[in-house]
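Student: Under UniProt numbering, read the sequence shown as residues 1 to 458, first letter to last.
Pasting a structure below so you can have a look.
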Amino acid sequence: MEFTESYKQTGPCCFSPNARFIAVAVDYRLVIRDTLSFKVVQLFSCLDKISYIEWALDSEYILCGLYKRPMIQAWSLTQPEWTCKIDEGPAGIAYARWSPDSRHILTTSDFQLRLTVWSLVNTACVHVQWPKHASKGVSFTRDGKFAAICTRRDCKDYINLLSCHNWEIMGSFAVDTVDLADIEWSPDDSAIVIWDSPLEYKVLIYSPDGRCLSKYQAYESGLGVKTVSWSPSGQFLAVGSYDQMLRVLNHLTWKTFAEFMHPYTLRAPCYAAVFKEVDEPLHLDMSELCLSDDFSQGNNDAPEEPFRVRYEVMEVPISLPFQKPPADKPNPKQGIGLLSWSNDSQYICTRNDSMPTVLWIWDIRHLELASILVQKDPIKAAAWDPSCTRLVFCTGSTHLYMWTPSGAYCVHVPISQFAITDLKWNSDGSCLLLKDKESFCCAAVPLLPESSEYSSDD
C-alpha cells in the first residue's frame, strides 16, 4: 500500500460519488482536492465553521451545513462563481440532504416543524409538515423517482410518498409503530422496511401502496432493535438487536432463516478462524554500533523497545473480552451496534457493543461464523471494499486492519502519530480515506489477486 502525506482537516471529509475529488472541511473553508494528484482544484469560503458536507450524486454540486448559524451553503465545481445560501430564519436548520436528481436540497427545521424541498433550478420550495426526525426518516428509491418521508401527527406515525419529479404527495398511510425509529427502501424498490424505537421490538415491511407485508417481533420484553440493513442484493434483511443476536430475514416469506449469537466464550466445535492482535518486540542487533562517550552519557533514558503488530491465530476454547453495561444508566453499550454487508452480499460483519474490541464476520452462503478478530482497542469503524471481498477497519491506533476470506493482516501507517479514527472507500475501491483527529491521508489500495493470498506480516 502507498500512503499520501497528511493534510489538515477540522471536520467532515468525503469522496465525490464519481471518485474524482475529495472534499475537506478546514474551519470555514471547503477544500476540493483531486484524488489522483491531491492538488487543490477549488477553494470555497463559507460564512462559518463547516459542520457537515454532502456531495450531490452527479458530483457537480456540494452542500455545506453551517449548523451554528444555522445555514446551508451550496457550491458548484463547474461554475465556481455560482453560489447558493439557504436560511430558514427563526425555524432554523437541523439537517440537510440532496435529492437523487442533484437539483434539490431537503432541509429539516429545528424541532422537526417542517421539511422543505428547495429547488436549485427555479428557486421554488415545497413544505412537508411535522417530519418525524431530522437526519433520519427519509429514504429514496434506487431509481430516484420517489421519496418516503416519515411524519408524525395526532400521536401516530405516517409514511408520505412523494414524487421526486414535482414533489407532490402521491400517497400517505399510517404505520403500526409506537415511536418510529427509521425507514429504508429495499434495493429493488419493491418494499419499505420500518422499525420501532428500542423500547418496542417491531420490524414492519410495507409495500409502496401501504399494505403491511410482514410484521416481525423476535421477543416482547427488553430493549429491541438496534441496527437494520438490507443486503446489496435485496434478498436479505439483517436485524441487530439489544439481546446481542443478529437475525437475517429473507425477501420471499420475510421469515428468519439465520440467527447468529455473539457468545463471550467460543468452544468446539468452532471452525472459524480466530485472529488476535498481538505486539511482537523487534530484537535489534546493536553490538556493532559504536557511539561516542558524550552521546551515550547524554542519553541515559533508554528508548522504548520497538514493537511490530501482527495477528496470531488462536485455538478454541477462547474467552473474549467483554464489558458488562451498568444497569442504572440509559442507552446501554450492548447489542449489535455495527452491522455491514459485503458488496456481494455473501458476508456480514458485526460488533457487539458489550465486546467493543471484537469483530465478527459471518458467511451467509454457508450460514456460519467465518472469522473473529480480537483487537487491543475498541473498533471505531469498518468498511467493505466496493470492488471485492475485503474488509478494512480501524481502532484509533496507528495501524490499519484488513480481512479477506483467506486471512487477516495489519498495515502500519507511515505517518508519525497518525491515529486512525475513521475511514471511507471511494466508489471504485482504488483509494481509502483515513482520518485522524486533526488530519487525514489517503492510501492507494492494490487490487486483490484471484487467490487473495495475504498474511499478517505483509
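Here a beta-carbon is modelled for each residue, glycine too, at the ideal position from N, C-alpha and C.
Where in the stretch 83-158 do unbroken runs of the beta strand (DSSP E), each at least 3 residues long, occur, reported from the N-terminal end onward?
Tutor: 83-86, 95-98, 104-108, 114-119, 125-129, 138-140, 146-153, all fully within the stretch 83-158.
Student: Would you call His165 buried or exposed, if buried means 16 or more other Cβ atoms sit within 10 Å of its Cβ?
Tutor: Along the sequence shown, one-based indexing puts residue 165 at 165. His165 is exposed by the Cβ-count criterion.
Student: Quick test of the definition: if touching needs 3 or more C-beta pairs under 8 Å, does the stretch 367-379 touch the stretch 324-337?
Tutor: Judged by Cβ distances under 8 Å, the stretch 367-379 makes no contact with the stretch 324-337, as fewer than three pairs qualify.
Student: So, helix, strand or coil for Glu81, using DSSP?
Tutor: What you label residue 81 is simply residue 81 of the sequence shown in a count that begins at 1. Residue state, collapsed to three classes: coil.
Student: Do Phe146 and Asn426 count as a contact pair if the criterion is CB distance below 8 Å?
Tutor: Your numbering for residue 426 matches position 426 in the sequence shown. Your numbering for residue 146 matches position 146 in the sequence shown. It is not a contact, given that the beta carbons lie outside the stated cut-off.
Student: Ser47 and Leu66 look like a contact to me (Cβ under 8 Å); what is the Cβ gap, rounded to whole Å?
Tutor: Here residue 47 is taken as the residue at index 47 of the sequence shown, counted from 1. Here residue 66 is taken as the residue at index 66 of the sequence shown, counted from 1. The sequence as given places Leu at residue 47; Ser does not occur at that position. Yes, they are in contact, since the Cβ atoms of Leu47 and Leu66 sit about 6 Å apart, within 8 Å.
Student: Where do the ends of the beta strand (DSSP E) carrying residue 480 lie?
Tutor: Residue 480 is absent from the structure shown; the chain starts at 1 and stops at 458.
Student: Would Ser229 pass as a contact of Ala218 if the rule is Cβ separation under 8 Å?
Tutor: For the purposes of this step, residue 229 is taken as residue 229 along the sequence shown, with counting starting at 1. For the purposes of this step, residue 218 is taken as residue 218 along the sequence shown, with counting starting at 1. Contact flag unset, no.
Student: What does DSSP give as the partner residue(s) for Arg308 in the beta ladder?
Tutor: What you label residue 308 is simply residue 308 of the sequence shown in a count that begins at 1. According to DSSP, which records beta bridges pairwise, Arg308 is partnered with Glu280.
Student: Apart from the five residues on each side of it in sequence, which residues of its chain come closer than 6 Å, Cβ to Cβ, to Gln323?
Tutor: Residue 323 sits at position 323 when you count from the first residue of the sequence shown. Closer than 6 Å at Cβ, skipping near neighbours: Ser354.
Student: Check each candidate in Trp403, Pro306, Pro321, Val316 and name the one with the smallest Cα separation from Cys349.
Tutor: Residue 349 sits at position 349 when you count from the first residue of the sequence shown. If we check each option's Cα against that of Cys349, Trp403 comes out closest.
Student: Can you tell which of Lys156, Ile192, Val138, Leu115 has the C-alpha that lies nearest to the C-alpha of Leu213?
Tutor: To locate residue 213, count along the sequence shown from 1; it is residue 213. Considering only alpha carbons, the answer is Ile192.
Student: Quick one: what's got a C-beta closer than 8 Å to Ser207's C-beta in the same chain, skipping five residues either side?
Tutor: As a position in the sequence shown, residue 207 is number 207, starting the count at 1. Excluding residues within five positions, the ones whose Cβ falls inside 8 Å are Ser190, Ala191, Ile192, Leu213.
Student: Among residues of its own chain, excluding the 5 on either side of Trp98, which ones have a beta-carbon nearer than 8 Å to its beta-carbon?
Tutor: Taking the sequence shown and counting its residues from 1, one reaches residue 98 at position 98. Excluding residues within five positions, the ones whose Cβ falls inside 8 Å are Glu54, Trp55, Ala56, Leu57, Tyr61, Leu63, His104, Ile105, Leu106.
Student: Check this for me: beta carbons of Gln112 and Lys132, under 8 Å apart or not?
Tutor: Residue numbering aside, residue 112 sits at position 112 when the sequence shown is read from its first letter. Residue numbering aside, residue 132 sits at position 132 when the sequence shown is read from its first letter. It is a contact, given that the beta carbons lie within the stated cut-off.
Student: For Asp301, which three-state DSSP category applies?
Tutor: For the purposes of this step, residue 301 is taken as the residue at position 301 of the sequence shown. Here the model assigns Asp301 a pLDDT of 44, short of 50, so the residue's position is not dependable and the matter cannot be decided.
Student: Excluding five sequence neighbours on each side, which residues of the same chain lie with their C-beta closer than 6 Å to the C-beta of Ser172?
Tutor: Taking the sequence shown and counting its residues from 1, the one referred to as residue 172 is at position 172. For Ser172, where only same-chain residues beyond five positions count, the Cβ hits under 6 Å are Tyr158, Asn160.
Student: In terms of residues, what are the limits of the beta strand (DSSP E) holding Val392?
Tutor: In the sequence shown, residue 392 corresponds to position 392, counting from 1. Segment 391-394, the beta strand (DSSP E) holding Val392.
Student: Would you kindly report the start and end of the unbroken beta strand (DSSP E) that includes His412?
Tutor: Within the sequence shown, numbered from 1, the residue matching residue 412 stands at position 412. Start and end: 407-412.
Student: Within its chain, find whatever has a CB closer than 8 Å to the CB of Ser59; leave out the 5 residues flanking it on each side and keep chain order.
Tutor: One-based indexing of the sequence shown puts residue 59 at position 59. If we look at Ser59 and ignore the five residues flanking it on each side, its Cβ neighbours are Ser16, Pro17, Asn18, Arg20, Phe21, Leu77.
Student: If you measure between the beta carbons of Gly222 and Asp243, is that distance less than 8 Å?
Tutor: Here the question's residue 222 lines up with position 222 in the sequence shown. Here the question's residue 243 lines up with position 243 in the sequence shown. Contact: yes.
Student: If the criterion is Cβ atoms closer than 8 Å, does the pair Phe393 and Ile415 meet it?
Tutor: Residue mapping note: residue 393 aligns to position 393 of the sequence shown, counting from 1. Residue mapping note: residue 415 aligns to position 415 of the sequence shown, counting from 1. Taking 8 Å as the Cβ cut-off, Phe393 and Ile415 do not qualify as a contacting pair.
Student: Does DSSP put Met1 in a helix, in a strand, or in coil?
Tutor: Counted from its first residue, the sequence shown places residue 1 at position 1. Coil at Met1, not helix or strand.
Student: Using 10 angstroms around the beta-carbon of Gly89, count the other beta-carbons present and answer buried if the total reaches 16, otherwise exposed.
Tutor: Locating residue 89 in the sequence shown gives position 89, counting from the first residue. Exposed.
Student: Rank Leu115, Leu338, Ile205, Trp75 by C-alpha distance to the C-alpha of Asp176 and give the top, closest one.
Tutor: Taking the first residue of the sequence shown as 1, we reach residue 176 at position 176. Considering only alpha carbons, the answer is Ile205.
Student: Under the rule that 16 or more other beta-carbon atoms within 10 Å means buried, what is Glu184, buried or exposed?
Tutor: Sequence index remark: in the sequence shown, residue 184 carries index 184 (1-based). It is buried - the Cβ of Glu184 has at least 16 other Cβ atoms within 10 Å.
Student: Which residues bound the beta strand (DSSP E) around Trp195?
Tutor: In the sequence shown, residue 195 corresponds to position 195, counting from 1. Residues 192-196.
Student: Return the Cβ separation of Arg247 and Glu259 in integer angstroms, given the expectation that the two are a contact with Cβ distance under 8 Å.
Tutor: Within the sequence shown, residue 247 is the residue found at index 247, counting from 1. Within the sequence shown, residue 259 is the residue found at index 259, counting from 1. Going by Cβ atoms, the distance from Arg247 to Glu259 rounds to 5 Å, so yes, they are a contact pair.
Student: Could you tell me whether the Cβ atoms of Ile32 and Val41 are closer together than 8 Å?
Tutor: By one-based count along the sequence shown, residue 32 stands at place 32. By one-based count along the sequence shown, residue 41 stands at place 41. Cβ atoms of Ile32 and Val41: closer than 8 Å.
Student: Return the residue from the list Thr10, Phe38, Ser37, Leu36 that minimises the CA-CA distance to Ile50.
Tutor: Within the sequence shown, residue 50 is the residue found at index 50, counting from 1. Of the candidates Thr10, Phe38, Ser37, Leu36, the one whose C-alpha sits nearest the C-alpha of Ile50 is Thr10.
Student: DSSP beta-bridge partners for Asn352?
Tutor: Translated into the one-based positions of the sequence shown, residue 352 becomes position 352. Asn352 is bridged to Ile336.
Student: Could you check how far apart the C-beta atoms of Tyr311 and Lys255 are, in whole angstroms? I think they sit under 8 Å.
Tutor: The residue given as residue 311 occupies position 311 in the sequence shown. The residue given as residue 255 occupies position 255 in the sequence shown. Not a contact, Cβ separation roughly 37 Å.
Student: May I have the straight-line CA-CA distance separating Ile336 from Met261, to the nearest angstrom?
Tutor: Here the question's residue 336 lines up with position 336 in the sequence shown. Here the question's residue 261 lines up with position 261 in the sequence shown. So the two alpha carbons sit approximately 10 Å from each other.
Student: How long is the line joining the alpha carbons of Glu438 and Arg153, rounded to whole angstroms?
Tutor: Stepping through the sequence shown from its first residue, residue 438 is reached at position 438. Stepping through the sequence shown from its first residue, residue 153 is reached at position 153. Computed Cα separation, rounded: 43 Å.
Student: Using the beta-carbon count (16 or more within 10 Å), is Val178 buried or exposed?
Tutor: Residue numbering aside, residue 178 sits at position 178 when the sequence shown is read from its first letter. Its Cβ having fewer than 16 others within 10 Å, Val178 is exposed.
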